[in-house]
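Written out below as structure tokens is the structure these notes cover.
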């Protein structure tokens, strides 16, 4: 492929499964994978056996000190994201962080303070925003061509067996931040929020119904948006027939998506309302190609923005809005009341942690210090 930008030097922190998606994308995009940092030598060896990397470090701080990097990809367990992002910012290197960016809104605000101090951005991996159909839908919705958004549904119905939670950091509030609301469905409802815009109120339920986890394994939220739209958001890891579904009902059309872990153009459908059949032509006019909504598209957009000196996405402010939705889901579910946007601040326990110290079921796993 032809790359119009100069090759940027990238480093990856952590060499687990998700790091492979980043490495594949960088290789396809012609970027330079200059270094990796990994505390587990065996994992580092397995990774570098698949992806040639000139330099391997045992910790991120050393990599950031020794290497001249344009971007650091943070692909470690959630509890390490904030300290690693801060280390990158203080080294003058933008960080692209796997979701969730942080474990709490307070941590997000800590990142924002360091970002303001250093002028170095922290970005979040929300790759579903970058599929061509999602970009098209955002453009059409913003233009008013589809009329007002009225109703939406967002479902992440996945299946994770008991063995999945045997990994030490999974299923623990203090190191993972939450269950499927934070770790699984967040990609889907981030896409929902990117289409519908600011939300104003959330009413939710959550439960640990089946899995050996301290966190929830199911949550359900009803949300109201500034534009008046209403949406339901369901996050589950107890659903044997796995699917990810989004549906948007506008005044003049319904737009639907069903996929699993990444969508293609064929996974979308467009149904105009009677009398608005011409909108189908408008939807199809800008379709074409069939790239998957994977890491490659977002990483390409980030690299292009860095090379051109423009603001890359997904910014910390945008990611915080999605994180606040997750926090409001937990706060509403555990307190039994609606939670308004902007309400969780200061010393609110749900600002300091997603569980708010109010989980209504007994822990199964020991707390990790």
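Numbering (full-length UniProt numbering), first residue to last: 1 to 369.
Just so it is clear, CB atoms sit at the ideal spot from N, CA and C, and this is done for glycine as well.
Taking the Cα positions, residue 227 is about 33 Å away from residue 114. Spanning the alpha carbons of residue 298 and residue 125 requires a straight line of approximately 8 Å. By the Cβ neighbour-count rule, residue 98 is buried, with 16 or more other Cβ atoms within 10 Å of its own.
The Cβ atoms of residue 224 and residue 200 sit closer than 9 Å to each other.
Taking C-alpha positions only, residue 27 is separated from residue 151 by approximately 40 Å. Rounded to the nearest whole angstrom, the C-alpha separation of residue 55 and residue 21 is 19 Å. Listed in chain order, the non-local C-beta contacts of residue 64 below 7 Å within the same chain comprise 72, 87, 88, 91, 93, local neighbours out to five positions each way being set aside. Across the set 301, 315, 359, the C-alpha of 359 shows the shortest separation from the C-alpha of residue 333.
Using a 10 angstroms sphere on the CB of residue 57, the tally of other CB atoms reaches 16 or more, which defines it as buried.
For residue 230, DSSP records a beta bridge to 151, 224. The beta-bridge partner set that DSSP reports for residue 249 consists of 151, 254. Burial is judged here by how many other beta carbons sit within 10 angstroms of a residue's own beta carbon; residue 160 has at least 16 and is buried. Taking residue 18 as reference, the option from 322, 280, 296, 303 with the minimal CA-CA separation is 296. Along the segment 278–326, the alpha helix (DSSP H) occurs as fully enclosed runs of 4 or more residues at 278–285, 295–308, listed in sequence order. The closest CA to that of residue 67, considering only 23, 207, 8, 24, is found on 8. In this structure, the straight-line span from the alpha carbon of residue 118 to that of residue 220 is close to 38 Å. Taking the C-beta atoms as reference points, residue 255 is found no nearer than 9 Å to residue 111.
The three-state reading of DSSP puts residue 144 in coil, since its state is none of H, G, I, E or B. Non-local C-beta neighbours of residue 231 in its own chain, meaning closer than 6 Å and more than five positions away in sequence, comprise 152, 223, ordered along the chain. Under the three-state reduction of DSSP output, residue 83 falls in the helix class. In the three-state reduction of the DSSP assignment, residue 211 falls in the coil class.
Take the alpha-carbon of residue 139 and the one of residue 284: they are about 13 Å apart. DSSP places residue 200 within a strand segment (E or B) once states are collapsed to three.
The DSSP assignment places complete alpha helix (DSSP H) segments of no fewer than 4 residues inside the segment 12–64 at 17–29, 41–50, in order along the chain.
Apart from the 5 residues on each side of it in sequence, residue 320 sits with its Cβ closer than 6 Å to the Cβ of 108 in its chain, given in chain order. In summary, residue 127 is buried, with 16 or more beta-carbon neighbours lying within 10 Å of its beta-carbon over all protein chains present. Residue 167 counts as exposed, since fewer than 16 other C-beta atoms from the protein chains shown sit within 10 angstroms of its C-beta. Selection 344, 85, 248 evaluated against residue 270 yields 248 as nearest (Cα-Cα). Here residue 329 carries a helix assignment [DSSP, helix/strand/coil].
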